[in-house]
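Enquirer:
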Amino acid sequence: MSEPEASALQYKVQGNASFQRGDYRHAIYLFSKGLELNPGLETEHILYSNRSACYCLLEDFERALADANQVVAMKPDWTKGYTRKGAALQNLKRFDEAIAAYNKALELDADSEVARKGLDDIEVFRGQQSKRFVAEISPGTAANLAAARKDLDQLKEVRWHLEIVKDRIWLADPPLTPFRPRSMFIIDIDRRQLLSMTAHPVRDSITLDQLVEFVVSTFMNSGIYPGAIEFSDFTLMSVLQKLFQPFDIDFVCGSLSPEKQQFFEERIEEFEVKEREQWENNNKFAGVLRQRLQKGLLAIPGTTPGFLKHLLAAAATFYHSNTFLYFTKALGITTADGSTKVALVTRNGAGQYGLAMSTVEASKNTMDCGTQSYMFADPSTIPFDDADLIERYGWGGVGDKK
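Heads up: the sequence shown at position 224 corresponds to 232 in my numbering, and the numbers run straight through without jumps.
1. Which word fits residue 84, buried or exposed, when buried means at least 16 other C-beta atoms lie within 10 angstroms of its C-beta?
2. How many angstroms separate the CA atom of residue 161 from the CA atom of residue 201?
3. Do the CB positions of residue 133 and residue 96 come within less than 8 Å of each other?
4. How is residue 254 classed by DSSP in three states: helix, strand or coil?
5. Considering Cα atoms alone, identify which of 150, 67, 146 and 395 is closest to residue 101.
6. Taking all protein chains shown into account, decide if residue 57 is buried (16 or more other Cβ within 10 angstroms of its Cβ) or exposed.
7. Can you list, in chain order, the residues of its chain whose CB lies under 6 Å from that of residue 376, leaving out five sequence neighbours each side?
8. I'd like the list of long-range same chain contacts for residue 205, defined as Cβ closer than 7 Å, with 5 residues on each side in sequence excluded.
9. On the three-state DSSP scale, how would you describe residue 162?
10. Go through its chain and collect everything with a Cβ distance to residue 32's Cβ below 6 Å, but skip five positions before and after it.
11. Can you check whether the CB of residue 305 is closer than 8 Å to the CB of residue 311?
12. Taking 8 Å as the threshold (C-beta atoms), are residue 168 and residue 195 in contact?
13. Determine the DSSP secondary structure at residue 179, reduced to helix, strand or coil.
14. Taking all protein chains shown into account, decide if residue 250 is buried (16 or more other Cβ within 10 angstroms of its Cβ) or exposed.
15. Please state the DSSP three-state secondary structure of residue 243.
16. Could you check the C-alpha separation between residue 399 and residue 199 for me, to the nearest Å?
17. Given a cut-off of 8 Å on the beta-carbon distance, is the pair residue 227 and residue 156 in contact?
18. Should residue 61 be counted as a contact of the ligand SAM given a C-beta to heavy atom distance under 7 Å?
19. Let's see if you can read the secondary structure: which residues bound the alpha helix (DSSP H) around residue 71?
20. For residue 3, tell me which candidate among 242, 37, 176 and 52 has the shortest Cα-Cα distance.
21. Just the Cα atoms here: how many angstroms apart are residue 224 and residue 105?
22. Confirm, please, whether the CB-CB distance from residue 248 to residue 230 is below 8 Å.
23. Alpha carbon to alpha carbon, what distance is there between residue 55 and residue 28?
24. Do you know offhand how far residue 112's Cα is from residue 126's?
25. Look at the alpha carbon of residue 19 and the alpha carbon of residue 390, and state the distance between them as a whole number of angstroms.
26. What's the C-alpha gap between residue 246 and residue 318?
27. Distance check for residue 232 and residue 148, CA to CA, integer angstroms please.
28. Look at the alpha carbon of residue 215 and the alpha carbon of residue 77, and state the distance between them as a whole number of angstroms.
29. So if DSSP puts residue 129 in a beta bridge, which residue, or which two residues, is it bridged to?
30. Distance check for residue 150 and residue 293, CA to CA, integer angstroms please.
31. Classify residue 240 as buried or exposed, calling it buried when 16 or more other Cβ atoms lie within 10 Å of its own Cβ.
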């Protein structure tokens, strides 16, 4: 065994020991050093696999997926590569891709308990999510659905994509708390054309009647119905698939390609630009406009979702203990990329205490933490980027009651 191979193996052993102790960050460092020393090592795929597991436990699922993909590319006949990939995809809520990875693992090893548990967990989650929609539609909606089937023709080559997004705006109906409404979009995938949308139509939930009426109205306005409809949300797809069965439409669940995702985001941005133009001289919307322009905490170089999870958990403990009354100085934090972050407990004009962060390089005054901040007491004051991140990973609001 060569000296580099021996050193890489030593880092692997040390990394495994750190992993067993629960010190996942140090384990990542050690596995990374092993990969740097000898990238052609025969057991290189194991280092990537172990590092993927660490990233997953730290909830940095994008990096976990990247390492898992490396494992699969290097060792396509190794079961663990696919279970690592399945776990990362499952936590990213890319369930159909996760199922495919777990099924591949079972092809290689029919007794893989990890793969079977992953598939079972996805099935349970989807069952819970299906409760978001009522089981039946109203007679009026059913009649409109039947009329569309009778009066319209299908174009098999046409593919649409239906997406429901949480809007980057807060609405309030006193005395109810502020909420973010949802909008529905349908785009022609191949032509990259926005066919229909509903801006801010409903509260935090959408009824099945509203959903079906939206799809039917798009059919009627287009004069046809498509051969296929894609969804990012499996639950949404499964609910509609049963109702639209007489139409013989292919229902497909999967993420948009990067190019089509960019097109979709650009269409949403167009509506936001129009709203900004309407609201820019209205103080009522000043906070919403600021939140849309603010970059979230994840935009700070070197910051990962796993780091933010622990940071916000610490902030929650900090807030609930009321110790913020005794802290007035900024705290410097050096992250893995070598940059220095500044964390500061701050207070806004409403008397709310919160956590602000920035890089030292972003400001000459280390006490000036810029716009990246999280206000503990009121989630409607934080950047939308952070609000979306918190919802995506299922983190509780820092201002939530214990």
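From the three backbone atoms N, C-alpha and C, an ideal C-beta is built for every residue, glycine too.
Expert: With the structure as the only source:
1. exposed
2. The alpha-carbon atoms of residue 161 and residue 201 are separated by roughly 20 Å.
3. no
4. Reduced to three states, the DSSP call for residue 254 is helix.
5. 67
6. In summary, residue 57 is buried, with 16 or more beta-carbon neighbours lying within 10 Å of its beta-carbon over all protein chains present.
7. At residue 376 the pLDDT is 41, less than 50, meaning the model places this residue with poor confidence and gives no usable figure here.
8. Taken in chain order, the residues that qualify are 191, 192 and 193.
9. strand
10. 62, 65 and 66
11. Contact: yes.
12. yes
13. strand
14. It is exposed - the Cβ of residue 250 has fewer than 16 other Cβ atoms within 10 Å.
15. helix
16. 31 Å
17. Their beta carbons are under 8 Å apart, which means residue 227 touches residue 156 by this criterion.
18. Absent from the structure shown: the ligand SAM. Ligands present: none.
19. Per DSSP, the unbroken alpha helix (DSSP H) holding residue 71 starts and ends at 69-82.
20. Summary: the structure shown does not reach residue 3, with the chain confined to residues 9 through 410, and so no result is reported for it.
21. 29 Å
22. no
23. When the Cα atoms are used, residue 28 and residue 55 turn out to be separated by approximately 15 Å.
24. 12 Å
25. Rounded to whole angstroms, residue 19 to residue 390 spans 41 Å at the Cα level.
26. If you take the alpha carbons of residue 246 and residue 318, they lie about 35 Å apart.
27. 21 Å
28. Using only the alpha carbons, I get a separation of about 38 Å.
29. Beta-bridge pairing links residue 129 to no other residue.
30. 39 Å
31. Taking a 10 Å sphere around the C-beta of residue 240, we find 16 or more other C-beta atoms and assign the residue as buried.
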